[in-house]
Each structure stands twice: as structure tokens, then as C-alpha cells.
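Step one of this worksheet: look at the structure below.
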Amino acid sequence: VLRFSHMPLLLEGMVVHRAECRPDVNDNYMKLKKLQIKETTKAPRLSQQLERAVTTVFKPVANHDFNMVYEKKKKSEGKMVRAERQVVLDMLFSAFEKHQYYNIKEMVDITKQPVTYLKEILKEIGTYNNKGAHKSMWELKPEYRHYQSAGEEEMQAT
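Just so you know, the sequence shown maps onto residues 1 to 158 in the UniProt record's numbering.
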């Protein structure tokens with residue numbers, strides 16, 4: 001049974017007679033064999049010397065535009081300088097009044113302080129969550145939490 005489909009040719013059945021086939025040795029067959037032999041002896045890749053330089057190829061650039069923009073932004077912001085401890089604590093406490101949990105990147109953006117200095121302070125006033133819904137987030141230790149309810153905020157405002 002022969003089946004023609006998207007799959008390769010498939011023969012099913014039992015072999016009853018065996019046959020050996022040989023092609024006719026004529027000019028077409030000899031040309032085909034010569035081409036096959038030439039293809040196998042040909043080197044897979046050759047190097048060629050060009051007559052003139054190729055100008056359509058993009059050349060490497062020392063510094064791309066987006067790198068220069070990033071460098072300018074970094075220079076304008078300047079290096080992070082350690083502020084006084086009390087100033088940083090005030091910034092952290094005011095941030096924790098808005099939200100209960102922060103990751104370290106958010107705190108660096110808020111305080112503009114170096115990561116090591118910030119972690120040093122956070123280890124004293126906060127706890128780092130390794131598990132749960134707030135994984136990799138910092139929260140204040142219970143003794144530093146002074147969250148105000150809506151009623152207390154209204155009383156302070158008046």
C-alpha cells in the first residue's frame with residue numbers, strides 16, 4: 001500500500017520477491033555522478049580577497065547613544081552620599097507610614113542612600129521577610145510601628 005501525504009513515502013506489506021536495481025549507464029547518469037563527486041571534493045568554505053572595502057556593513061561603535069544617556073543621568077544624580085542617621089530614619093519611618101512593606105530597591109529610591117548603609121539601619125529597625133506573601137520585603141519591627149487609624153489622623157488634623 002502506498003500512501004501519499006505530508007509524511008514521507010511509506011510502504012507496507014511483506015517482502016515476497018527481492019529485486020536489485022541498477023541505473024542505465026548513460027551520459028546523463030555520468031554527468032550526475034561527476035557533479036556529486038565534485039561537490040564532495042569541494043572545500044566547504046573558501047576565503048576570498050576583496051577588491052574594495054565593504055561599506056554597507058555596520059561598524060562597531062565605542063559607546064552607543066543609550067549608554068551615553070545613562071552616563072549623563074548617572075553623573076547628574078551624582079554619587080549617593082550617606083546622610084545623617086536620624087535623617088534617614090525619619091525618611092524610613094515616613095515611608096513605612098504610607099506602606100507596610102518595601103523592597104530594598106524602593107527604599108534606595110526613596111532615601112537616595114547606599115544599599116549597605118540602608119541595610120545597616122534596616123537591620124536595627126526592621127525585619128526582612130524570607131517567606132510568604134511579602135517575600136524579599138522589609139517591614140518595621142513591632143516596637144517601631146506607629147500606624148495611625150483614620151480616626152486618629154482626623155483628630156490630629158483638627
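Ideal Cβ positions, reconstructed from N, Cα and C, are used throughout, including at glycine.
In this text the structure is predicted, and so the values were computed from the model without any measurement.
Using the three-state DSSP reduction, which class does residue i fall into: helix, strand or coil?
i	result
residue 150	At residue 150, the pLDDT of 49 sits below 50, so the modelled position is not reliable; the number obtained from the coordinates is stated separately. Of the three classes helix, strand and coil, the one that applies to residue 150 here is helix, per DSSP.
residue 70	helix
residue 102	strand
residue 86	helix
residue 108	helix
residue 91	helix
residue 81	coil
residue 131	coil
residue 65	helix
In the DSSP assignment, what are the bridge partners of residue i?
i	result
residue 126	140
Using CA coordinates, which residue listed in the options is at the minimum distance from residue i?
i	options	result
residue 41	47, 33, 48	33
residue 104	143, 83, 139	139
residue 77	16, 112, 11, 31	112
residue 115	16, 80, 26, 75	80
residue 144	9, 93, 135, 117	93
residue 110	50, 89, 23, 64	89
residue 95	117, 122, 24	122
residue 142	127, 131, 136, 133	127
residue 100	120, 67, 134, 74	134
residue 85	117, 59, 28	117
Which complete beta strand (DSSP E) runs does the stretch 8-60 hold, if anything under 3 residues is left out?
You should have found no qualifying run.
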